[in-house]
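Residue numbering for the sequence shown is 4 to 342, as defined by our numbering.
Backbone N, C-alpha and C define an ideal beta-carbon position, used for all residues, glycine too.
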Amino acid sequence: MSSHRAVTLGLAGTGRIGTAHAETLTKLPNVATVLVADADAARARATATHLRVEFAPDLDTLFAADLDGLVIATATDSHPALITRAVDAGIPVFCEKPVAANIEGTLAVIDHIQNSPVPVQIGFQRRFDAGYRAAREAISSGKLGWLHTLRATTLDPAPPPAEYIPRSGGIFRDCGVHDFDIIRWVTGREIVEVHALGANRGAAFFAEADDVDTAAVLLRMDDEALATVSLTRYNGAGYDVRLEALGSKGNAIVGLDDRAPLTSVEPDYAPPSYPAYAGFMERFRPAYTEELSAFVAVVNGELDNPCSPLDALEAFYVAEACELSRRESRAVEIAEVRR
Ligand SMILES: NC(=O)c1ccc[n+]([C@@H]2O[C@H](COP(=O)([O-])OP(=O)(O)OC[C@H]3O[C@@H](n4cnc5c(N)ncnc54)[C@H](O)[C@@H]3O)[C@@H](O)[C@H]2O)c1
4 MSSHRAVTLG LAGTGRIGTA HAETLTKLPN VATVLVADAD AARARATATH
54 LRVEFAPDLD TLFAADLDGL VIATATDSHP ALITRAVDAG IPVFCEKPVA
104 ANIEGTLAVI DHIQNSPVPV QIGFQRRFDA GYRAAREAIS SGKLGWLHTL
154 RATTLDPAPP PAEYIPRSGG IFRDCGVHDF DIIRWVTGRE IVEVHALGAN
204 RGAAFFAEAD DVDTAAVLLR MDDEALATVS LTRYNGAGYD VRLEALGSKG
254 NAIVGLDDRA PLTSVEPDYA PPSYPAYAGF MERFRPAYTE ELSAFVAVVN
304 GELDNPCSPL DALEAFYVAE ACELSRRESR AVEIAEVRR
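Here is the structure:
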């Protein structure tokens with residue numbers, strides 16, 4: 004996907020994902036200028052120097068530049084203020100998931116921007132991954148028959164930095180939300196009920212933040228298909244993100260390639276010699292590039308918003324229901340958390 008007018012983009016937040024997005028933006032053909040800022044000005048300056056992009060010492064300077072669009076990759080709890088500020092200034096937004104740290108914050112953003120024509124694209128990059136796209140196509144074409152089971156995994160090889168966890172919203176809102184979004188997107192169906200369990204066998208900082216490091220979720224879809232979502236921060240074998248869509252006529256498996264960290268112990272099986280993906284950056288680099296290319300096309304009015312805050316809200320309701328379910332150890336219908 005490539006867009007025609009060369010644009011000037013601001014980027015707020017030069018941490019893990021923001022730095023990667025800034026680098027991706029420098030490689031897009033229709034991005035003329037990238038201007039980065041962070042609450043930690045030294046960090047933004049270092050990124051700017053490293054990537055040879057422009058630097059703004061603070062957010063006021065960033066907003067005062069003549070931006071065609073703004074990429075928000077700051078910590079989750081700062082997303083609402085930055086989204087609404089940009090929209091009020093007429094600047095199209097790409098914001099990393101989630102829209103806000105909780106449902107109230109997400110609804111407040113949606114309420115604030117609902118009458119504005121300024122687009123806000125949310126960063127669910129799996130929608131731009133070739134495998135998930137092929138699965139969606141296989142399901143909608145009818146090739147798989149009717150789906151009986153979906154199995155999704157998001158297994159991180161190692162936890163993010165300890166200080167990330169208390170501001171992350173917890174494993175369901177931070178991590179599982181990608182699976183909830185992509186299950187809705189590939190199937191075109193809604194999730195209606197969840198039952199979630201969580202466990203802590205790793206570092207103490209998860210429990211200290213009232214979070215879990217591992218979780219298992221059962222989901223019921225509105226067509227009675229059943230799904231499981233498996234999440235952990237401690238998958239020593241490597242980064243393992245897959246989706247298995249199993250139907251009455253066939254299946255579609257996303258993420259089953261030579262780098263999937265699956266160790267067969269069958270005697271006649273010759274394991275692939277490729278290293279496992281180290282993390283989300285390596286696994287989804289092409290998808291991040293596609294989603295940011297799409298954002299440039301959205302900025303230029305050449306593409307409809309591929310992932311709106313309303314989409315993000317639906318996935319977030321599922322995450323919220325999972326959090327309630329694991330705390331109260333009971334099944335929770337999405338209708339219970341819907342506002
Ligand atoms: N789509 C994905 O695959 C993916 C992957 C990782 C993170 N994320 C999302 O991206 C966001 C950032 O995650 P990260 O891992 O890069 O975090 P990080 O902690 O590495 O970086 C966050 C940066 O934001 C800056 N920051 C915080 N508040 C700010 C504010 N008000 N104004 C300006 N800068 C501010 C911090 O100084 C830091 O540099 C989170 O919302 C997370 O959910 C998405």
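Item	Value
What are the start and end residues of each continuous beta strand (DSSP E) run of 3 or more residues lying completely inside the stretch 292-318, in chain order?	none
Classify Arg333 as helix, strand or coil using the three-state DSSP reduction.	coil
Bridge partners for Ser171 per DSSP, in chain order?	None, per the DSSP bridge assignment.
Say yes only if the C-beta of Ser296 is nearer than 7 Å to one or more non-hydrogen atoms of ligand 1, and no if none qualify.	no
Please confirm whether Asp72 and Val10 have their CB atoms less than 8 Å apart.	Checking the sequence, you will find Gly at residue 72 rather than Asp. Yes, these two residues count as a Cβ contact at 8 Å.
What beta strand (DSSP E) runs, 3 residues minimum, are completely inside the stretch 149-231?	150-158, 194-202 and 217-224
Classify Trp149 as buried or exposed, calling it buried when 16 or more other Cβ atoms lie within 10 Å of its own Cβ.	exposed
Any chance the CB of Tyr167 is under 7 Å from a heavy atom of ligand 1?	yes
Just how far apart, CA to CA, sit Ser311 and Ala219?	27 Å
With the cut-off set at 8 Å, would you say Pro160 and Gly239 are in Cβ contact?	yes
What's the C-alpha gap between Gly21 and Ala47?	10 Å
CB Pro83 to CB Val180, shorter than 8 Å?	no
Taking the straight line between their C-alpha atoms, what separation do you get for Val299 and Asp307?	11 Å
Could you please give the first and the last residue of the uninterrupted beta strand (DSSP E) stretch that includes Thr11?	Val10 to Ala15
When burial is assigned at 16 or more other CB atoms within 10 Å of the CB, is Tyr272 buried or exposed?	exposed
Any contact of the stretch 201-216 with the stretch 260-276, i.e. 3+ C-beta pairs under 8 Å?	no
My output table needs one value for Gln128: the three-state DSSP class, helix, strand or coil.	helix
Taking the alpha helix (DSSP H) that Thr50 belongs to, which residues open and close that run?	Ala44 to Leu54
Can you name the start and end residues of the beta strand (DSSP E) that Glu247 belongs to?	Asp243 to Gly250
If you measure from the CB of Glu99, is any heavy atom of ligand 1 nearer than 7 Å?	yes
Contact check, Pro289 vs Gln124 under 8 Å by CB: the rounded distance?	Not really, about 18 Å apart at Cβ, beyond 8 Å.
When every heavy atom of ligand 1 is checked, does at least one fall within less than 7 Å of the C-beta of Gln117?	no
I need the DSSP call for Ser143, collapsed to helix, strand or coil.	helix
Identify the continuous beta strand (DSSP E) that holds Val39 and give its terminal residues.	Val34 to Ala40
Output the distance between the C-alpha atoms of Pro427 and Ile186, rounded to the nearest integer angstrom.	Look at the range of the chain in this structure, 4 to 342, and you will see that residue 427 is not part of it.
Note down, in chain order, each residue of its chain lying with its Cβ closer than 7 Å to the Cβ of Val257, except the 5 sequence neighbours on either side.	Gly134, Tyr135, Ala138, Arg245 and Leu246
Mind the definition here: the stretch 74-90 touches the stretch 13-32 only if three or more C-beta pairs lie below 8 Å; say whether that holds.	yes
Using alpha carbons as the reference points, say which of Asp80, Ala45, Asp63 and Ala23 lies closest to Leu54.	Ala23
Which residue marks the beginning of the alpha helix (DSSP H) containing Val96, and which one marks its end?	First-last for Val96: Val96 to Glu99, but that is the beta strand (DSSP E), not the alpha helix (DSSP H).
Note down the Cα distance separating Val96 from Pro122, rounded to an integer number of angstroms.	6 Å
Cβ of Phe287 within 7 Å of any heavy atom in ligand 1?	yes
Work out the CA separation of Ala104 and Arg329 for me, nearest whole Å.	18 Å
Thr235 bridges to which residues according to DSSP?	Leu158 and Thr217
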